[in-house]
Amino acid sequence: MEAHVSHVNEEENEDPGAALYGNFINYYSFNPPENRLSLIPETLLENIGLDERVLILDVGCNSGDLSVAFYKHVLHKEASGNDFPQREVYLLGFDLDQDFAAVSTCAPVLRSLCGCI
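Take the sequence shown: its letter number 51 is residue 51 in this note's numbering, and every next letter is one higher.
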């Protein structure tokens, strides 16, 4: 698969309209994660037991902006909504396009939880 990625025309990678594997290089500049997080129902995690881990898999995470924003969103909802211990939340994001790993927005503290490979 790596050989396939290396044959990509560099001009295509720099064009924000180029969509190798469906990815848009500057996607979050015109569709920020906040716009999409507002669509998540408040009851998303309602039926998960308080002692259960939450495992999030983002297939095709692009640069990880939405992955990290969603992770933080879930943690915030957990922390602000009750007096119970916070659930364990884990996130793994990956993308076929190795160029996105280089520009991943995953904060250093989340690096082990969110890595585009």
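Glycine included, each C-beta is placed from N, C-alpha and C at the ideal position.
Under DSSP, Val89 takes part in a beta bridge, and its partners are Val54. Secondary structure note for Leu37: its alpha helix (DSSP H) is the uninterrupted segment 33–37. Between Val59 and Val74, the C-beta spacing is not below 8 Å. It is roughly 24 Å from the alpha-carbon of Leu37 to the alpha-carbon of Leu96. The beta-bridge partner set that DSSP reports for Phe94 consists of Val59.
Assigned with DSSP and collapsed to three states, Leu75 falls in helix. Taking all protein chains shown into account, Asp65 has 16 or more neighbouring C-beta atoms within 10 Å of its C-beta and is therefore buried.
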